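Protein chains in written order, with our numbering: chain A, 1 to 179; chain B, 180 to 285. Let me begin by presenting the structure, written as structure tokens, before commenting on it.
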């Protein structure tokens, strides 16, 4: 039986999202598809699968990403879904622990990709918000106040960016001592 | 500096690839070699393999066409890097034993 859940996670909350998906899997609901904020699950034995999320450098259909995903699948995991540049993997718990990263350097690379994404989105929101607001001040058309919305989102993205940078700073400090 | 220290992952990957092996084989081999201590994660392993291929320290073997799994093997250059690293690690270990009086916790 399938079950659909609508839930919203910001791009910088991927840890929280992954934790939630693993809690669902532990209860016997394993992710089969994901679209924006629509998560579809199928019933499986509780705890049968472990879930990992990764933000790729390029779209999952890009040849480089396809090579990467194939490599991950050769290690016993399988891709269950993708959304924009995010991919969702699962691996049977019986086949051993499932991690995508085992050193600090590769964790930092993933955070850098998230930082890049948030920065791009943030700049786009600032431009579109700023443009519309300047129209409001120029012509006084109240519809241009819609520009406040992207500006608010860019503030949120900025807050997310700070959180990710904090995580990265901690890892960079660890890197002075460990691999 | 004559040469730089390798990461633990790269060292164990090179050591594994003295025999041809595919990605999952490397993960299992490293885990066995280290008595379960070192578990290479698939994404980290992929990054290391890509860099090692770029450096020319390992090479991808062109196996049978129908086999999906790609095998890798160490190159002559990779062997030299591994020899240097073993010399470096030996130095570290010998100095540790000499100056720290053995490796016992007590």
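Every residue gets a Cβ at the ideal spot worked out from N, C-alpha and C, and that includes glycine. All figures in this text were calculated on a predicted structure; none of them were measured in a lab.
Residue 96 (chain A) and residue 210 (chain B) have their C-alpha atoms spaced approximately 12 angstroms apart. Residues of the stretch 64-77 of chain A with a C-beta less than 8 angstroms from any C-beta of chain B: 68, 70, 71, 72, 74, 75, 76, 77, listed in chain order. In the three-state reduction of the DSSP assignment, residue 154 (chain A) falls in the helix class.
Between residue 50 (chain A) and residue 98 (chain A), the C-beta spacing is below 8 angstroms. Taking a C-beta cut-off of 7 angstroms against chain A, the contacting residues of the stretch 215-244 of chain B are 218, 219, 220, 221, 222, 223, 225, 226, listed in chain order. Beta-bridge annotation (DSSP): residue 79 (chain A) is paired with A:89. Only residues of its own chain outside the window of five on either side were considered, and among them 114, 117, 118, 160 have a CB closer than 7 angstroms to the CB of residue 11 (chain A), listed in chain order.
Setting aside the 5 residues that flank it on each side, residue 76 (chain A) is surrounded in the same chain by 91, 95, each with a C-beta closer than 7 angstroms to its C-beta; the list follows chain order. Short of 8 angstroms from the beta carbon of residue 125 (chain A), and not among the five residues preceding or following it, lie these beta carbons of its own chain, in chain order: 150, 151, 153, 154, 157. Not a single CB atom of chain B sits nearer than 8 angstroms to the CB of residue 56 (chain A).
Annotated as proximal: residue 102 (chain A) and residue 219 (chain B), with beta-carbon spacing under 8 angstroms. Of all residues in the stretch 200-211 of chain B, only 201, 202, 203, 206, 210 come within less than 9 angstroms of chain A when Cβ atoms are compared, listed by chain position. Residue 78 (chain A) is not a Cβ neighbour of residue 53 (chain A), given a cutoff of 8 angstroms.
Its Cα nearest to that of residue 225 (chain B), the residue B:251 stands out among B:212, B:241, B:255, B:251. Listed in chain order, the beta strand (DSSP E) runs fully inside the stretch 225-265 of chain B are 237-240, 250-253, counting runs of at least 3 residues.
Taken atom to atom, the span from the alpha-carbon of residue 85 (chain A) to that of residue 110 (chain A) is near 12 angstroms. A distance below 8 angstroms separates the beta carbons of residue 147 (chain A) and residue 133 (chain A). In this structure the stretch 183-196 of chain B touches the stretch 258-272 of chain B; the number of beta carbon pairs closer than 8 angstroms is three or more.
At least 8 angstroms separates the CB of residue 117 (chain A) from every CB of chain B. Taking a beta-carbon distance threshold of 8 angstroms, residue 186 (chain B) counts as an interface residue toward chain A. With respect to chain B, the C-beta atom of residue 46 (chain A) has no partner C-beta closer than 8 angstroms. For residue 42 (chain A), the enclosing beta strand (DSSP E) stretches over residues 38-43.
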